[in-house]
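Reading through the C-alpha cells given below for one structure.
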Amino acid sequence: MFSLWLVRLNSNDISQFGDGNPGAVNAFKAGGWKIGVPAILLDFLKGAVPVFIIAQIVGITDFRLVAIAIAPVLGHAFPVFLGFRGGKAIATTFGIWAGLTLWQVPIIFGLGLILFKIIIRIKNDAWNTILGMLCVLMFLIIKFNLVLLSIFFLNLIIIVYKHRLELHLKVK
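When you read off a place in the sequence shown, starting at 1, and then add 34, the result is the number in this note's numbering.
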C-alpha cells in the first residue's frame, strides 16, 4: 500500500485522515500534494504496468486476462498484510483500464466523474464513482468484448463493496 508507506515517511498515520483507509485520497489529506500525487501515481501504475505488459505486450486477451486484470484491484482493496482492509481502488481501477484500453476507458471514466461531480453536482463521491463506471459500461457494451465486460463487472462489484457505507441513502 503505497499511500500507507508514503504517509509514514511524512511521520503521519493514514488511519487518522478521511475515513481511515490506506488509499490515495487519504494520502492527500495526510500529506498534501507532495504525498498525494505520488500515491495516486504509484496506485495507478500498480494496475497499469502488469496489465499493460500482459495484455498489450504478451498479447493475452482471452479470459485469463480477467484474473490478471482484477488482481491489482483486489490486492489494493483487500491487502493481506493489512487484514484485508485496503483502499477503495479508484486509482488502481484507472490503472488496469489504462493497461487494457490505453486511453479509452480512463478518459471515459474520468469524464464521467467530472460530469457527475462538477456539471450535475452530485456531492456524494461514491455515487459519482458508480455513475462514472456506468459511463464505462455504456462504452464496453458498444465495444462488446466479453472479457472486458467480465473485468468491468468484477471491478464494479469491488468498487460498490468498498463504497457500500457511503452508498446508503440518507433518510431525514
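For every residue, glycine included, the Cβ atom is placed at its ideal position computed from N, Cα and C.
On a predicted model such as this, the values are computed, not experimentally measured, just so you know.
Cβ contact check for the segment 119-136 and the segment 54-61: 3 or more pairs under 8 angstroms: Touching, yes, given that three or more Cβ pairs across the two stretches are closer than 8 angstroms.
Straight-line Cα distance separating LEU199 from LEU171: Approximately 23 angstroms between the Cα atoms of the pair.
Residues of its chain near ILE192, where Cβ-Cβ distance is below 7 angstroms and the 5 sequence neighbours each way are ignored: Only VAL107, LEU108, ALA111, ALA123 meet the Cβ criterion.
Distance between beta carbons of LEU40 and GLY65, contact taken as under 8 angstroms: Right, their Cβ atoms sit about 7 angstroms apart.
Reference PHE143, options LEU75, PHE186, MET35, GLY93, closest by Cα: Closest option to PHE143, Cα to Cα, is PHE186.
Closest by C-alpha distance to GLN140, when choosing among MET167, TRP67, LEU183: It should be noted that the sequence gives Pro, not Gln, for residue 140. Looking from the CA of PRO140, the closest CA among MET167, TRP67, LEU183 belongs to MET167.
Backbone secondary structure at ILE123 - three-state DSSP: Note that residue 123 is Ala in the sequence shown, not Ile. When secondary structure is reduced to three states using DSSP, ALA123 falls in the coil class, being assigned neither helix nor strand.
Simplified DSSP state of SER45, which is helix, strand or coil: The answer is coil: DSSP assigns SER45 none of H, G, I, E or B.
Start and end residues, alpha helix (DSSP H) containing LEU171: Element bounds for LEU171: 159-177.
Through-space distance from ALA82 to ALA125, alpha-carbon basis: Here the alpha carbon of ALA125 sits roughly 10 angstroms from the alpha carbon of ALA82.
Assumed close pair LYS63, PHE51 - CB separation to whole angstroms, cut-off 8 angstroms: Correct: roughly 4 angstroms between the Cβ atoms.
Residue from PRO113, ILE74, GLY133, VAL71 with nearest C-alpha to ILE91: For the set PRO113, ILE74, GLY133, VAL71, the Cα lying nearest the Cα of ILE91 is the one of GLY133.
Best match in ILE102, LEU75, GLY70 for proximity to LEU84 [C-alpha to C-alpha]: Note that residue 84 is Pro in the sequence shown, not Leu. Of all alpha-carbon atoms in ILE102, LEU75, GLY70, the one lying nearest the alpha-carbon of PRO84 is that of ILE102.
Status (buried if at least 16 other CB within 10 Å, exposed otherwise) for ASP77: So ASP77 ends up on the buried side.
Three-state secondary structure (DSSP) of ARG198: Residue state, collapsed to three classes: helix.
PRO113 versus ASP47: straight-line alpha-carbon distance, rounded: Those two C-alpha atoms are separated by around 17 angstroms.
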